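Enquirer: Submitted below is the structure of interest, expressed as structure tokens.
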Amino acid sequence: MQVVAGVDLGGTAVKYTLVDAGERFLIEGLCEHPARSTEGPDICLQQIVDGLHIAMQKNGVSLGDLVAIGLDTPGPASATGVLSAEGSTNFLHPKWAGFDVREGLATRLGKPVTYLNDGNAAALWGHFSIFGGGAAATSVSAIVGTGLGGGVIADGNVVKGRRGFGGELGHVLVPYQSIRGVDGLTPRCNCGRTGDLESLCSLTAIEQSLLPFFLPKFPGHELGTSETRPRAAKLVRGLAEQGDPMCRAIFRVQAHALGLFFDEMVNTFDPDALIVGGGALETGAAFQQWFLHEIRAGMPEQRQEQADIPIHVMPNGDTAGARGAAVDALKSARANGLIAERQKA
Ligand SMILES: [Zn+2]
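Numbering-wise, the sequence shown is residues 2 to 346 according to the working numbering.
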């Protein structure tokens with residue numbers, strides 16, 4: 002058996018997946034191990050290796066079966082997996098600055114390792130879930146979580162960019178002033194921009210901009226009195242799903258911002274698919290459909306040939322990064338002749 006592993010290193014947990022040469026995922030649910038990234042590279046890399054052995058053992062995969070590993074982490078990092086020398090929120094330990102995390106894992110495992118940032122990995126998974134591994138299709142994925150991540154897959158390839166910043170979709174400006182009902186809103190992003198996608202469409206946007214903007218318009222709302230703002234922000238999705246008018250209004254602004262952004266992507270790439278994922282859409286199917294409908298409602302009119310570009314919800318949200326990393330490693334292993342060409346069942 003030839004198997005490729007996907008490893009998603011997050012802030013607190015490492016998530017694993019395994020995929021065989023026929024593109025079958027061997028792990029359906031969540032398989033994770035504590036990350037310990039705050040303790041620096043030595044301990045964290047050992048954690049990754051230990052957890053990988055456990056995941057393989059559980060699924061009857063031996064080290065000899067393992068052909069390659071795909072790794073993804075939060076950025077900023079270079080396209081090849083050298084973490085920013087400036088440090089970052091997820092890698093505060095001083096030894097992480099400028100650390101080549103891909104190389105570090107490859108050395109420990111003695112196997113080839115590929116690298117993607119977490120947004121691009123999830124985007125590759127979203128793309129693969131629709132088109133499989135071989136198609137030369139183009140898609141744009143937006144992942145609405147604490148921030149807004151995502152990525153662009155052009156003709157089947159991840160657009161990593163010159164310095165690894167390709168697909169930083171959250172900081173693309175959108176003409177938000179055209180969204181109905183936001184007069185007086187000044188959505189500031191932590192990156193310093195006003196009115197980029199993350200400043201309107203993320204959990205952080207709800208907490209910093211949308212709740213403070215909408216609460217005074219809904220006097221006596223339950224989220225205005227009893228809760229701290231970060232806690233209230235987390236309750237907005239559930240209330241929106243239940244039909245609460247203010248929370249629906251907040252999610253409508255997020256959807257319309259996505260609609261404006263997707264319109265920019267439609268005119269830039271003429272993609273085969275647009276994909277939305279992340280915590281905002283970890284809801285029932287009815288709410289997901291309402292949200293997709295609102296995204297469309299927020300898009301300016303498309304020319305006839307582009308009006309039917311589909312918008313999908315990304316499946317397997319909490320394992321998207323690991324799955325995308327595995328798909329990346331599988332593609333690379335095929336290209337390098339380490340694994341048999343597409344042996345689809
Ligand atoms: Zn920004």
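The beta-carbon is built from N, C-alpha and C at its ideal position, and this holds for glycine as well.
Please read all numbers here as calculations on a predicted model, not as lab measurements.
Take the Cβ of residue 315 as the centre, count every other Cβ of all protein chains shown within 10 Å, and call the residue buried at 16 or more, exposed below.
Expert: Buried, because 16 or more other Cβ atoms sit within 10 Å of the Cβ of residue 315.
Enquirer: What are the boundary residues of the alpha helix (DSSP H) that residue 54 is part of?
Expert: Note, residue 54: alpha helix (DSSP H), 42-59.
Enquirer: Looking at residue 9 and residue 73, is the spacing between their C-beta atoms short of 9 Å?
Expert: It is a contact, given that the beta carbons lie within the stated cut-off.
Enquirer: Any contact between the stretch 247-266 and the stretch 99-106? By contact I mean 3 or more CB pairs, one from each, below 8 Å.
Expert: No, because fewer than three Cβ pairs between the stretch 247-266 and the stretch 99-106 fall closer than 8 Å, the two stretches do not touch.
Enquirer: Output the residues surrounding ligand 1, defined as those with a CB atom closer than 5 Å to any ligand heavy atom, in chain order.
Expert: Cβ atoms closer than 5 Å to ligand 1 belong to 172, 190, 192, 194, 197 and 199.
Enquirer: Chain D beta carbons: is any one of them nearer than 9 Å to that of residue 207?
Expert: Within the model displayed, chain D is absent; a lone protein chain is all it includes.
Enquirer: So, is residue 266 buried or exposed, given that buried needs 16 or more other C-beta atoms within 10 angstroms?
Expert: So residue 266 ends up on the buried side.
Enquirer: Is there contact between the stretch 110-121 and the stretch 68-88, where contact requires at least three CB pairs shorter than 8 Å?
Expert: Short answer: they touch.
Enquirer: Taking the alpha-carbon of residue 14 as reference, which of 27, 2 and 53 has the nearest alpha-carbon?
Expert: Comparing Cα-Cα distances from residue 14 to each of 27, 2 and 53, the minimum goes to 53.
Enquirer: Report all residues from its chain with a CB closer than 8 Å to the CB of residue 137; omit the five preceding and five following residues, and keep chain order.
Expert: Closer than 8 Å at Cβ, skipping near neighbours: 156 and 157.
Enquirer: I want to know whether the stretch 123-136 touches the stretch 271-280 - three or more CB-CB distances under 8 Å.
Expert: Contact holds: three or more Cβ-Cβ distances are below 8 Å.
Enquirer: Which stretch, first to last residue, makes up the beta strand (DSSP E) that contains residue 144?
Expert: Run containing residue 144: 140-145, per the beta strand (DSSP E) assignment.
Enquirer: Is residue 140 buried or exposed, if buried means 16 or more other CB atoms sit within 10 Å of its CB?
Expert: Looking at its Cβ environment, which holds 16 or more other Cβ atoms inside 10 Å, residue 140 is buried.
Enquirer: Is residue 1 helix, strand or coil by DSSP?
Expert: Summary: the structure shown does not reach residue 1, with the chain confined to residues 2 through 346, and so no result is reported for it.
Enquirer: What is the residue span of the beta strand (DSSP E) that residue 405 lies within?
Expert: With the chain covering only 2 through 346, there is no way to say anything about residue 405.
Enquirer: Would you kindly report the start and end of the unbroken alpha helix (DSSP H) that includes residue 257?
Expert: 246-270 is the span of the alpha helix (DSSP H), which, as asked, contains residue 257.
Enquirer: Check whether the stretch 326-334 and the stretch 280-300 touch, using three or more Cβ-Cβ pairs below 8 Å as the test.
Expert: They do not touch, by the three-pair rule.
Enquirer: Skipping 5 residues on each side, what residues in its chain have a beta carbon closer than 6 Å to that of residue 327?
Expert: 5, 7, 18, 20 and 71, listed in sequence order.
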